[in-house]
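Asker: Each protein sequence line maps, in turn, to chains C and H.
Start counting the first sequence at 1; every next residue gets the next number (our numbering).
Start counting the second sequence at 1; every next residue gets the next number (our numbering).
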Amino acid sequence: MSDQLPAILLLAPLFGALITGLVGNGDHRRCFPILIASLTISFACAIGLLGQVIQNGTIDYFMGGWGTDRAPLGVGIQLRVDALNALLLLVITTVALLVAVYSLRRAGEENTEKTPQFYMLFQMLCVGLLGITVTADAFNLFVLVEVSSLTSYALVAMGSKPRGTVAAFNYLIMGTIGASLYLLGVGYLYMKTGTLNMVGIHEILLDPEVGQSSSIFVAFILILVGVWIKMAFFPLYGWLPNAYSYCPSTSSCLLAPLMTKVSVYVMIRVMLSVFGAEWVFQSLGWSHTVVWLAVIAILAGSLLALAQVELKKMLCYLIVAEVGYMVGGAWLANHWGMVGSLYHILADAFMTLCLFIAASIFIKRRQADRIDQLEGLFKKMPLTTAGFVVGALAMIGVPPTAGFFSKWYLLRGGIEAGQWGYVVALLVSSLVNAVLFFRIIEIAYFGKNPVESHGHGHDDDHGHEDETQQGQVGGSTLLSGEGRPATLIPLLISAAIVILLGVFNGPIVEIIQQALEGLPVIGTATR
Amino acid sequence: MEFFNNSVVPYFNYWIYVILMMIGLHAMITKNNLIKKLIGMTIFQTAIILLYVSIGVKSGATIPILAHHHDDHGEETESAHHGEPDHGHTEADAEAHAKAGAPSEVEKPDRPGDGEYEKEKKDDHHDHGDPHHDSHAVNPDHFANPLPHVLMLTAIVVGVSTLGVALAISQSIYRNFGSLEEDEILAKIKQGGSGADV
Numbered sequence: 001m002s003d004q005l006p007a008i009l010l011l012a013p014l015f016g017a018l019i020t021g022l023v024g025n026g027d028h029r030r031c032f033p034i035l036i037a038s039l040t041i042s043f044a045c046a047i048g049l050l051g052q053v054i055q056n057g058t059i060d061y062f063m064g065g066w067g068t069d070r071a072p073l074g075v076g077i078q079l080r081v082d083a084l085n086a087l088l089l090l091v092i093t094t095v096a097l098l099v100a101v102y103s104l105r106r107a108g109e110e111n112t113e114k115t116p117q118f119y120m121l122f123q124m125l126c127v128g129l130l131g132i133t134v135t136a137d138a139f140n141l142f143v144l145v146e147v148s149s150l151t152s153y154a155l156v157a158m159g160s161k162p163r164g165t166v167a168a169f170n171y172l173i174m175g176t177i178g179a180s181l182y183l184l185g186v187g188y189l190y191m192k193t194g195t196l197n198m199v200g201i202h203e204i205l206l207d208p209e210v211g212q213s214s215s216i217f218v219a220f221i222l223i224l225v226g227v228w229i230k231m232a233f234f235p236l237y238g239w240l241p242n243a244y245s246y247c248p249s250t251s252s253c254l255l256a257p258l259m260t261k262v263s264v265y266v267m268i269r270v271m272l273s274v275f276g277a278e279w280v281f282q283s284l285g286w287s288h289t290v291v292w293l294a295v296i297a298i299l300a301g302s303l304l305a306l307a308q309v310e311l312k313k314m315l316c317y318l319i320v321a322e323v324g325y326m327v328g329g330a331w332l333a334n335h336w337g338m339v340g341s342l343y344h345i346l347a348d349a350f351m352t353l354c355l356f357i358a359a360s361i362f363i364k365r366r367q368a369d370r371i372d373q374l375e376g377l378f379k380k381m382p383l384t385t386a387g388f389v390v391g392a393l394a395m396i397g398v399p400p401t402a403g404f405f406s407k408w409y410l411l412r413g414g415i416e417a418g419q420w421g422y423v424v425a426l427l428v429s430s431l432v433n434a435v436l437f438f439r440i441i442e443i444a445y446f447g448k449n450p451v452e453s454h455g456h457g458h459d460d461d462h463g464h465e466d467e468t469q470q471g472q473v474g475g476s477t478l479l480s481g482e483g484r485p486a487t488l489i490p491l492l493i494s495a496a497i498v499i500l501l502g503v504f505n506g507p508i509v510e511i512i513q514q515a516l517e518g519l520p521v522i523g524t525a526t527r
Numbered sequence: 001m002e003f004f005n006n007s008v009v010p011y012f013n014y015w016i017y018v019i020l021m022m023i024g025l026h027a028m029i030t031k032n033n034l035i036k037k038l039i040g041m042t043i044f045q046t047a048i049i050l051l052y053v054s055i056g057v058k059s060g061a062t063i064p065i066l067a068h069h070h071d072d073h074g075e076e077t078e079s080a081h082h083g084e085p086d087h088g089h090t091e092a093d094a095e096a097h098a099k100a101g102a103p104s105e106v107e108k109p110d111r112p113g114d115g116e117y118e119k120e121k122k123d124d125h126h127d128h129g130d131p132h133h134d135s136h137a138v139n140p141d142h143f144a145n146p147l148p149h150v151l152m153l154t155a156i157v158v159g160v161s162t163l164g165v166a167l168a169i170s171q172s173i174y175r176n177f178g179s180l181e182e183d184e185i186l187a188k189i190k191q192g193g194s195g196a197d198v
């Protein structure tokens, strides 16, 4: 049983989706237990896999038993769990579980008669993301990227906002271009190497006659640009702010923390496992250029976030800036840069989850999107505020949250690599985040508004009406203003994880370093 | 002219795929009508599919279907005639093969480099009868590479699914905005609200 964990990890949500389709349509209340059950099985598998990887090293699993003893490499589809993706598996399953709990009532409210379909798409998205993380076959990666993308297009389009459908259409067009470019890149790799297995391709690319040919160069460019579209790396980010702002809040809480981070993981995986650190950092010689692109991404994301008046849109532009951190860190050609980038994937998932859940709760309470309509909210919802503030501090980079440590590693990598532009961009972005979040905290806590608000008293009455309609949580005055526990508990758990990730960053970084061991250029720290 | 002869003519199919891809990309970006954008997307994906299939072609090869007929040179004849038992040698069946679409036979006189290969094949046929009966050894040079075909089946399915989702979203847009032209939709968004939040 424990040998089959990689397969069970993928199959549990898949069967969950199928069962939801079969039985959920009859009675919508059956969907939720199925969802929780399948995601818990995946979560348990992820924990098991992490334990196995820490003990035994890399796990190679061949679907259908078509291992190298029965067939040449590349005949079967290989799943590979190593230190690079074991933590990411745990993060994906945790985020999925938390959003599943969050969706207990919200999914029903937002999607009404489409609840079973929503949960089916939820689970298929999890299958896609988990599959992207474990697969070691380049074409299988394309298929799973498309699985996750198609479900995310549908999840974005599913809401009640008309603009959501337009945003989903644009997302679809850009996402398909990205995936098709990736497919084209894999085609060029196949032309030269004759195999689709990542390990097999890497071995053949070590031969300089193959590895230095222009086809491989073009393959790398195509794959890189394709993945950059998927992760919304500036200037290919146009689809992200609209798509994540106008989709239903449950979808945004699921998509925002995961989709772009998994795409960053794909980029790192292709760089390290398919092409190899030496090819990417030494033969290609692009590191400097890409880091400058990342600098522009960070600055553009932060500045555009400053200009936003809607809360969720602001958070979306912050995601664009965070992707800039990760791409820049990965391309620093440096041990600490890569460690920082991988650690930031994990940290950013939970920071984003925290902020998006809190923002969704605020927006639901006020029935409004704009930041300046959040007045006085913090006094009424102290626990939700606490969650939001933890996320905000992590984004700014305040210890002991995870955001501080990821910035620390990235800064260290940047300084060692001499990329001063990147270092300055990180610091400027921290300052801009501080300005952004303190502005929100000021408006919401003190009720001050740069634009004169006419409805200040009106908002208070509105707030009271909402409380009585939604039902009380308990008799205590601490919780009486808050939303439902189903929405609050995931927020508090993710805030706690953000802090725990920061406090325990030592062991986590050790696991990440295990993955980078022995690789040229980035394998060893220079000090 | 030299560039044309050396770089374009031998690879003219790849040039066509690139042009198709650019047509698709252009349509996706510049066209106003949403459905035209989707057609552009389909053209883009089709060009990639064609490129992959091109990779698997070998000169003088036929479609990659094995048959276990006990007549001689079962590979080419069976795969060309669907289910009809073959009779006779390849030379006699050359015309029938050409009609059935095996590319090698048709282009025999045209391909300059093929002469030797064709002669070898004819010599091989007599040898082929024996190995075919003794061991079912298959010469991979006689078949087009099936792996790109299989990969592209998957890609076609993915493309069709994406098109389906896109058309459903277009229907939803039409229901919400009453138009499928992007400029009209953007104008409606600017004047109207963005839709109430849930």
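C-beta atoms are modelled at their ideal positions from N, C-alpha and C, and glycine is treated no differently.
Which residues of chain H have a Cβ atom closer than 9 Å to the Cβ of C:M259, listed in chain order?
Answerer: Those do not exist, as C:M259 stays about 16 Å from chain H at its closest Cβ, beyond 9 Å.
Asker: Is the region 21–28 of chain H close to the region 140–159 of chain H, with three or more CB pairs under 8 Å?
Answerer: As far as the Cβ criterion goes, the region 21–28 of chain H does not touch the region 140–159 of chain H, which means the pair count is below three.
Asker: For the 8 Å Cβ check, are there 3 or more pairs between the region 41–61 of chain C and the region 85–100 of chain C?
Answerer: Touching, yes.
Asker: Assuming C:M158 and C:S251 are in contact, meaning their beta carbons sit under 8 Å apart, how far apart are those beta carbons, in whole angstroms?
Answerer: Contact flag correct, Cβ pair sits at about 7 Å.
Asker: For the region 210–232 of chain C, which residues have a CB atom closer than 9 Å to at least one CB atom of chain H, in sequence order?
Answerer: Per Cβ criterion, the list is empty.
Asker: Can you give me the C-alpha to C-alpha distance between H:N6 and C:Y409, rounded to a whole angstrom?
Answerer: One C-alpha to the other measures close to 52 Å.
Asker: Classify C:Y171 as helix, strand or coil using the three-state DSSP reduction.
Answerer: DSSP places C:Y171 in helix when its eight states are reduced to three.
Asker: Do C:F142 and C:L89 come within 8 Å of each other at the CB atom, strictly closer than that value?
Answerer: In this structure, C:F142 does not lie closer than 8 Å to C:L89 by Cβ.
Asker: For a cutoff of 8 Å on Cβ pairs, would you count H:V138 as touching chain C?
Answerer: Chain C, which has no Cβ nearer than 8 Å to the Cβ of H:V138, makes this no.
Asker: I'd like to know if C:G238 contacts chain H, where contact means its C-beta is closer than 8 Å to some C-beta of that chain.
Answerer: Taking Cβ atoms only, chain H never reaches closer than 8 Å to C:G238, which makes this a no.
Asker: Does DSSP put H:E2 in a helix, a strand or coil?
Answerer: If DSSP states are grouped into helix, strand and coil, H:E2 belongs with the helices.
Asker: Expressed to the nearest angstrom, what Euclidean distance is found between the alpha-carbon atoms of C:L79 and C:A136?
Answerer: Distance between the alpha carbons of C:L79 and C:A136 is about 5 Å.
Asker: Along the chain, where does the beta strand (DSSP E) containing C:V81 start, and where does it finish?
Answerer: That run of the beta strand (DSSP E) goes 78–81.
Asker: Measuring only the C-alpha atoms, how far is C:S180 from H:I48?
Answerer: Going by the C-alpha atoms only, they are around 8 Å apart.
Asker: So what does C:T135 bridge to, in DSSP terms?
Answerer: BP columns for C:T135 point to C:L79.
Asker: Jot down the residue ranges of each uninterrupted alpha helix (DSSP H) in the region 371–398 of chain C, minimum 4 residues, whole runs only, in chain order.
Answerer: Complete alpha helix (DSSP H) runs here, min 4: 377–380, 382–396.
Asker: On the criterion of 16 or more Cβ atoms from any shown chain inside 10 Å, does C:R70 qualify as buried, or is it exposed?
Answerer: So C:R70 ends up on the exposed side.
Asker: Tell me the start and end of each unbroken beta strand (DSSP E) in the region 33–119 of chain C that is at least 3 residues and wholly inside, in chain order.
Answerer: Correct list: 59–62, 78–81.
Asker: What three-state label does DSSP hand H:T154 in the structure shown?
Answerer: Reduced to three states, the DSSP call for H:T154 is helix.
Asker: Among C:G178, C:V166, C:Y171, C:G175, which one has its Cα closest to the Cα of H:I173?
Answerer: Looking at the Cα atoms, C:V166 is the closest of the given residues.
Asker: As a quick exercise: from H:I65, H:S179, H:L163, pick the residue whose alpha carbon is nearest that of H:P140.
Answerer: When only C-alpha atoms are compared, the closest one is H:I65.
Asker: Flag C:G200 as yes if its beta-carbon sits less than 8 Å from any beta-carbon of chain H, otherwise no.
Answerer: Not closer than 8 Å to any Cβ of chain H, the Cβ of C:G200 fails to qualify, so no.
Asker: What does the alpha-carbon distance come out to for the pair H:E184 and C:G16?
Answerer: The straight-line gap from Cα to Cα measures roughly 41 Å.
Asker: Please check the pair C:I345 and C:Y422, which I expect to be a contact at CB under 8 Å, by giving their CB distance rounded to whole angstroms.
Answerer: About 17 Å separates the two Cβ atoms, so there is no contact after all.
Asker: For the 8 Å Cβ check, are there 3 or more pairs between the region 502–519 of chain C and the region 99–109 of chain C?
Answerer: Touching, no, given that fewer than three Cβ pairs across the two stretches are closer than 8 Å.
Asker: Considering only C-alpha positions, which residue in the set C:A347, C:S360, C:I361, C:V424 is nearest to C:F405?
Answerer: Of C:A347, C:S360, C:I361, C:V424, the residue nearest in Cα terms is C:A347.
Asker: Taking the C-alpha atoms as reference points, what is the distance between C:V127 and H:F3?
Answerer: If you take the alpha carbons of C:V127 and H:F3, they lie about 49 Å apart.
Asker: Report yes or no: is there a C-beta of chain C within less than 8 Å of the C-beta of H:F143?
Answerer: By this cut-off, H:F143 is not an interface position.
Asker: Tell me whether C:F233 sits in a helix, a strand or coil according to DSSP, three-state version.
Answerer: The answer is coil: DSSP assigns C:F233 none of H, G, I, E or B.
Asker: Under DSSP, the alpha helix (DSSP H) around C:P208 begins and ends at which residues?
Answerer: C:P208 -> alpha helix (DSSP H) spans 208–211.
Asker: Helix, strand or coil for H:N176? Go by DSSP, reduced to three states.
Answerer: Helix.
Asker: Does the beta carbon of C:A256 sit closer than 8 Å to a beta carbon anywhere in chain H?
Answerer: So no, C:A256 is outside the interface.
Asker: Listing by chain order, which chain H residues have their CB less than 8 Å from the CB of C:T20?
Answerer: Chain H residues near C:T20: none, gap ~19 Å exceeds 8 Å.
Asker: Run through DSSP, which three-state label would C:F405 get?
Answerer: Helix.
Asker: How many angstroms separate the CA atom of C:R29 from the CA atom of C:T20?
Answerer: Spanning the two alpha carbons is a distance of roughly 10 Å.
Asker: I need the straight-line Cα distance from C:A7 to C:M63, nearest angstrom please.
Answerer: One C-alpha to the other measures close to 7 Å.
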